[in-house]
Each structure stands twice: as C-alpha cells, then as structure tokens.
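Chains as they are written, first to last, in the numbering used here: chain P, 1 to 327; chain L, 328 to 656; chain C, 657 to 943.
Shown next, in structure tokens, is the structure this report addresses.
Here is the structure:
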C-alpha cells in the first residue's frame, strides 16, 4: 500500500570547514518523506535547518561540505549526480522557495519574463504560446490575477511576490518543494494567504513539502509532521497533533510552553541559556546544559534517535527509558 | 488639577512625499491621539502591520520624524514646537529599544560601549570605575552574567543576549518612558520571554512606562495594559489589551485575530475569515479599511471617527456609531 | 591600549592575505632602498658633476652614470624616497581633506552637503593634468612638498565622494540613532561612532590616492616641471629623455627608475586589491 518514499535521507552530515576546524551543521540525519506529506522542521538559528535545506538541493557552498550520507529523491541519489544532471534535476524534481525569495526577484524584469526564463531553462521545447499559457495557468493556481505577469516586482506587495515565487517553484511540478521561512517579513494576514496557497498548490501537484521555520504556531497550521533540530541533530519528530498534545523531548516541551497565545494570559516561559556554538558542543547530549530533565548519562553519551511512539522518534535518554518501560 | 500626562499626542498627522510633480503624498499617521498618564506606569501596545504607521509613531516620539500637524507634549511641554525633543533633558527621560539587536551595537566597540556612552554623555557616572559598577549592576538585573558579556563584541553574543543588554541600558538610565519598537521580532521565539519579562519588570519595579510597538498581538496581550490597533495610519480600535484581543470589535482587529496561527493543530484558521484583497488603496475620505471590510456599509464612504464605548474602549467604525437620535459625544 | 591591541591583531590577520603581504613586502623593500642605501652608497654622487659621465654599469658604478655626471645607483638611493615621500604626502593630505569634507557633507546633509557636493563635483570636471601643468609652470621653484600640495589639492574630491557615500549609509545605522539618544553631539558621533567603521574604506582610498599622486607627479616631472634640483625618479627619466638616452642606447639610465616605478605601482595595486577583499562581504560564518 505504501509507495516508495519520495525522499530518503540517510546519515547525512554537512559540516563547515573554517580555519582548519570543522563545525557539524548537520550531524547524521535520517529522514523519510512520502508523496503529498508535509514536514515542518523547526529549530533555533544555528540549528542547521537552513544548511539542510541547501544541502538537499546541493546548493550549499564552501565552506559547507557534505561529509557523508545519501539523499535519495524519487529514486535518484542526488549526491551521485554530475553537474549537468544536477542542473536538470533541480527544479524538475525538487524546487525551493528560499528565505527572502521575494527579494530575489529581479527588479528590472517583468514577472512574465522571469517566469518565462525559468520555464525555458528547463523546457526548451515549449513554444512562446505554450509558455505564455503556462504562465497564466500558474498565476491562476496561486490565486493571482493574470495581469500580474506584466508588472514589475516592486509593484507587487510582499504576499503577491511570495506567491509568484511559489508559482516559480511549481513550474515543473517537482516531487518535493522546500520552503525556507516562506512567510518571514510578511504580515500575519498575508501570511495566512501565502501558506494556504502553498498548501493548496502542493496538494494539487501531489508533491511532498518540507517547510522550515521557527514559528510553531504557523507549523501547527501548515504541516502534518514536525521535526525539531538542535545543534545539527534531529532530536524529535512526530505527527503534528501528537507533537502538540504530548511533546516528548524536553526541548520540544520548552518550545511549546514558550509560545504566547493570544487567547489567554500565561506567564511567559523562555528557555534559559543559549544554543552551544557548533565548534564547542558539550559532551553527550548537546542540550544537556539547558535541559530541565538532565540525567548523569546525558552528559556522557549522546542519545540516538529512537522510536518513541507511533510514527514518532526522539533522541533523549529519559524518553527512551520511559518508552522501554511502557513497551 | 491633575498632573499633565507623561506623554500626550493630540491629532498628530505625519505625511511623507508629495509636492509639485511628485508622487501623491503618503499619509503615515493621521489624526492620532495617545495619552500615557504620569501617575502610574503602563505598558501601552501599538499594534499594526507594516505600513500602519506604528514605526512612524515611534520616530515622532524619539525626535526622528517631525509631525506635520498636531501636538506632542511631554509632561505638558510641546516637544516639537520648542525643539525640546532634541535636548539632553528630554533624551534623558525617553529611551528606546529597537528591533534589530545587532545593528544597535557599533561593531567597532565591545558591547558595553552602548552602556558606557550614555553614562558619560548624561554625566551620570564620570569615572570609569563608577561606570563599570553601574554597568555590571544593570546587566545582572536583566539576568545576564557580566563576565560573559563585558569585553565581547556584538557578533559573539546571541540575539536574545544583545537585546537584553539594550534593555539593561534602558534600565540603567531610569528614563520615564521607553519606546520599544518590535523588540522581540528578530529574536528566536524561545528567547523572547526573557526580554518581555524584563520589560514588565521595568514597569512593575521601576515605574517606567513603555510604548510597545509590535505586529504580534499575542505578545501584546502578554505584556501590555492598553492596546491601540493601527491600520493605514489611523487608530481603528483602542482599549485594554484583554478587552480588545478577547473581544475584537473593529472588522480589522477581527481579521487580525483570526489570521493568527494558533499553536494548536486542532484549531485551524476560521474558513470564513479569508481576507479578500491584499492592500487597501482607497483614498482617505472613506474609511481606511473599506477595501477589505466584509461589513461595508454606505456610510463607510465617510471616514468614521473614534466612537467611545464603555470601559475606555473606542472603535473607529460606523458599526458602532451611536443611534442618530442620541447626542453624539 | 585596547585600540592598539585590536589594531595589531587586525594587521596580523591582514597579513595572511598573500596579495597584501606581497604588496607590503615590495613597499617595504622600496623604502629600505632609501633608508639603508646611504650606508652603502655615497649619496653625494647623486649630485651633478660628481663622477665621469655616460659610463655603462661596471663594478665601480653598478648602475653606471648619466650625462650629468651623476652615479645612477646613488640617484636611485636618493630619488626613490623622494618619490615615495611625495606620493605619501599628496595621498595623505588629499584623503584627510576628502575624509573631513565627506564626513561633514554626509552626516549633516542639507545646505552644507549641497555646497560641498557642488564644489566637489565642479572640481571633478576640471582636468587635473591641465591645471597641474599650468600651476607647475607658473610656480618657479618647486620642491617635493609643494608638488605634493598641488597634487593633493586636485585629488581630494575622490576621497570626498567615497567617504560621503559611506557616511550616508552608516548614518542610518541603528547604532548612530542610539548614540544620538545617548546624548552624543554630532561631531562626537562622526568621529567616535562613524569614522572608526570607515577605516578600511579610508585606507583603501589612501592607497588609491597615493598611486594617483605618484602618477601625477611622474607626469609633471617627465615633462620637466618637477623639482629641478632633486633627482626624483620622474626627473631622472626627464633628464634621460632630454639627453636622448634612449637613442644613445644608455639603457642603464632610464631602466632603473622605470623598474622601481613599476614595482611601486604593482605593490600599490596588490595592496588595494587585497583591501577590496576586506571591503567585500566575507565568507558566511557557520550557521
């Protein structure tokens, strides 16, 4: 019944080599994603989530280097592709809406021409008419008026620009869309329109989606599964409802309790301390200095990502022990 | 006779641009009224999206943007007409916390330079030793360890730490009013609580009033006493934070509240509240929200004034206009 | 003293850049010619009619002699530091004026900016070489310092524009707002908050100004309008031209000064190219 997963990441490690030192931005990551699924990845700045996003499309630049692992997308191992195959692969199999994408639109070229450029770059076989038709179709899909194609980026609002970026991302109907903070700098009302557009479009083309962000509230409304990254490692992953109903990893728990809710006044709780610098990680579990549930073993041994429930995995000694007891 | 308000804005309007042969003027703030009393410390939230005028408001109070009309008084004295706004006396009493916790630090100096400067300029502490004492004290009060902060450069600290240093600076100077412009929006969610708790402590323990400018209604609810909702330069709704957020009356406030993603997968965005068009572009004779309002009425072609309701609430919407037979306040 | 330590640390880090290191090494060597040379060579031989004329290089006169009776090795030892001094002086004065004006124009804006910008832009339209020729020809007794001053007075505009542009950007930074809110006055802000962050650009301007100054100076000297009594590199070339050294095959006369000048320009280019790297956004730090 289950088809092959769209994305399989095995033991991925990406590090930054700076001045002879190596900072592990992504450390031994394992992940699978099926068609149509929406995965959210949250983490503080420096947790490695953006590095992961770039590495998935091999868009990372030195000093970031993929040390090891496999990334299999739609049956192809991305890390084995040569440059020209990679260029073909990008955008047709996996596309990205990078952070600040709306600011990356060329300010002196009309929307129509930018979209046509992208289409032509991958589908040189299409005629001018076909391209124009496709542009109209794409704009309609993201809820924009056809007239938008004749405008320049500065004539559009932030939300409209971001929807153009979504249209650009689905031009070739990829199997996976990666959205890195797609609504940062957008107001809350516009944010909703953009996210709903993204979800709709993704469902229509049957793609899987990875959304990277730090807004837990937004994640709750946008994704099916949520993964938490801390200091380069995946520490918790669960279906979204289970995640919020019962966060297992102490860090996940703190993340949720630090969320202000507009509907009630609660004393605000933050997470004390700061994420450790990647070059100076504590021994054992990277979270142990800040963890309210820390045990002696946490300072010595880094916990492995182990099953902690139905479709759940958590990297925490305390959780693993409780799960064993329950099992 | 009660003492004059700490800060009082009356019918303040700020317009940018315009002039012969140029683009039509952009009205950043229009007919804005605000009063911060002097007998008690309050946190007043001014909430709105970008383009609402909230940043302009902060700039008017801090002396960076001159209003085109209306009066801005501090303890009874008009600060713009008398150029008081640029005087050391005023600056001593009004301080700021800005949005970007990185660019407030001069990258050339270690972070404590930000605290040492005003001590020197305002002649609060002349000797280096005395400055050091005050600096360490202030840092401790916001929960930072002085030995981990002093001597470091901005890029060596986290956003949360840097913003706390900025709050420490405000604390150290004991101003009467702090203008906090989006103080936590560029900080990781988990680090925000500390900064916000610091702000509350400033009000509770030191009697400092704070103007909290934000786009995030959830945090506005957490920290503020009163709330002003801005849209396209006008205050569309004001009242206590709990009232306005708990029971929003203006259609715009309602739209805002329903667009906030709740951190609960079982509470999705309400389907019927999908906004229609993106930006209001109408001219300003009509209500500023007319393009996007689901409750449009014929009388909305005329800009509504703020109608006062019970409990200090006011809403600028014809839906709440008193019945024509009653005398208008 | 914290400043000094910070400066030294920056210098050491800078030296890691191969271009900067190479450029600095060459400059230092050129300076050494003037510093160390006098211990090995009798500098009086740089004066006219000191030695036999027109001699090709030999063990006695390593670089030979010219038609005026000067020993060329001595000329190089004496002339190089003069050229360097002229360039450094002209560059420094020009950049100092330019930085001052740029700071004021950029920070204050308004009518002050309009006046300074108008003057700057007007001066930029004037062909500097033409003015230099006129002024140099008019001033009878010209020496290195005067030449430096004249050149500086026609090159300060470039620094002004660069600095002004940078100040316009830095002025909007939040830390400048903070400084104002801390009660700092305008001049204090300009010199204590803005200026320190402009050191890299000011320095790059300086290197460019020095190069330009040496080139302008060379232009004047080669046309014979330089200091007549000082054997600067440019004057040496002028005399070589005057005495038809090229057609007489006296390569030892014009080759050394040209070589030194080339080395100087190469080193200045390397330095400014390395400084460009500093100005550009660096490698993204690990995130």
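Note that the Cβ used here is the ideal one computed from N, Cα and C, for glycine as well.
N-terminal and C-terminal residue of the alpha helix (DSSP H) that residue i is part of
i                     : result
residue 122 (chain P) : 111–122
residue 213 (chain P) : From DSSP, residue 213 (chain P) is part of no alpha helix (DSSP H) but of the beta strand (DSSP E) over 208–213.
residue 827 (chain C) : 812–827
residue 802 (chain C) : 800–809
residue 335 (chain L) : Run containing residue 335 (chain L): none in the alpha helix (DSSP H); it sits in the beta strand (DSSP E), 334–343.
residue 473 (chain L) : 473–476
residue 50 (chain P)  : 49–56
residue 10 (chain P)  : Residue 10 (chain P) -> not in any alpha helix (DSSP H); beta strand (DSSP E) instead, spanning 7–18.
residue 225 (chain P) : Here residue 225 (chain P) belongs to no alpha helix (DSSP H); instead the beta strand (DSSP E) covers 225–230.
residue 902 (chain C) : Careful: residue 902 (chain C) lies outside any alpha helix (DSSP H) and carries neither H nor E.
residue 168 (chain P) : 158–169
residue 189 (chain P) : 188–205
residue 614 (chain C) : Nothing can be reported for residue 614 (chain C), as the shown portion of chain C is limited to 657 through 943.
Residue i at chain C interface by Cβ criterion, 7 angstroms
i                     : result
residue 628 (chain L) : no
residue 431 (chain L) : yes
residue 507 (chain L) : no
residue 634 (chain L) : no
Cutoff 7 angstroms: residue i Cβ touching any chain L Cβ
i                     : result
residue 856 (chain C) : no
residue 99 (chain P)  : no
residue 829 (chain C) : yes
residue 834 (chain C) : yes
residue 849 (chain C) : yes
residue 942 (chain C) : Here residue 942 (chain C) scores only 28 on pLDDT, less than 50, and its place in the model should not be relied on; the value that follows carries that caveat. By this cut-off, residue 942 (chain C) is not an interface position.
N-terminal and C-terminal residue of the beta strand (DSSP E) that residue i is part of
i                     : result
residue 30 (chain P)  : 21–33
residue 313 (chain P) : 312–314
residue 73 (chain P)  : 64–73
residue 400 (chain L) : 396–401
residue 38 (chain P)  : 38–42
residue 239 (chain P) : 233–239
residue 508 (chain L) : 504–508
residue 358 (chain L) : 353–363
Cross-chain neighbours of residue i in chain C, by beta carbon under 9 angstroms
i                     : result
residue 415 (chain L) : 839
residue 343 (chain L) : Correct list: empty, because the minimum Cβ distance to chain C is about 16 angstroms.
residue 418 (chain L) : 836, 837, 838 and 839
Residue i, DSSP secondary structure in three states
i                     : result
residue 890 (chain C) : helix
residue 325 (chain P) : helix
residue 781 (chain C) : helix
residue 81 (chain P)  : coil
residue 674 (chain C) : helix
residue 144 (chain P) : coil
residue 152 (chain P) : coil
residue 770 (chain C) : helix
residue 320 (chain P) : helix
residue 307 (chain P) : strand
residue 422 (chain L) : strand
residue 564 (chain L) : strand
residue 849 (chain C) : helix
residue 658 (chain L) : Chain L is shown only over 328 to 656; residue 658 (chain L) falls outside these bounds and no answer can be derived.
Any chain P beta carbon closer than 7 angstroms to residue i
i                     : result
residue 590 (chain L) : yes
residue 518 (chain L) : yes
residue 545 (chain L) : yes
residue 376 (chain L) : yes
Under 8 angstroms from the C-beta of residue i: neighbouring residues of chain P
i                     : result
residue 587 (chain L) : 188, 217 and 262
residue 407 (chain L) : In chain order: nothing, as chain P lies at least about 30 angstroms away.
heavy atom of the ligand ZN below 6 angstroms from residue i C-beta
i                     : result
residue 247 (chain P) : With respect to small molecules bound, the structure shown includes none, and the ligand ZN cannot be examined in it.
Within chain C, partners of residue i - CB distance below 7 angstroms
i                     : result
residue 495 (chain L) : Those do not exist, as residue 495 (chain L) stays about 13 angstroms from chain C at its closest Cβ, beyond 7 angstroms.
Where residue i meets chain L, residues with beta-carbon distance less than 7 angstroms
i                     : result
residue 852 (chain C) : 435
Interface partners of residue i on chain P, CB under 7 angstroms
i                     : result
residue 521 (chain L) : 270
8 angstroms Cβ cut-off: residues of chain L touching residue i
i                    : result
residue 22 (chain P) : Here the premise fails: no neighbours, minimum Cβ distance about 20 angstroms.
Within chain L, the residues that residue i reaches when beta carbons sit closer than 9 angstroms
i                     : result
residue 249 (chain P) : By Cβ distance, chain L contributes nothing, its closest Cβ being about 13 angstroms from residue 249 (chain P), past 9 angstroms.
Exercise for the section: Anything in the region 473–487 of chain L with a Cβ closer than 7 angstroms to a Cβ of chain C? List those residues in chain order, please. Expected result: Taking 7 angstroms as the Cβ-Cβ cut-off against chain C, none of the residues of the region 473–487 of chain L qualify.
Exercise for the section: Taking a Cβ distance cut-off of 8 angstroms, strictly less, list which residues of the region 436–448 of chain L are near chain P, in chain order. Expected result: Those residues of the region 436–448 of chain L that come within reach of chain P (Cβ to Cβ, closer than 8 angstroms) do not exist; the list is empty.
Exercise for the section: Report the residues of the region 32–47 of chain P with a CB closer than 7 angstroms to any CB of chain L, ordered along the chain. Expected result: Listed by position, the residues of the region 32–47 of chain P near chain L (Cβ gap below 7 angstroms) are 44 and 45.
Problem - Interface positions of the region 164–178 of chain P facing chain L (Cβ-Cβ less than 7 angstroms), listed along the chain - result: So the list is empty, because no residue satisfies the distance condition.
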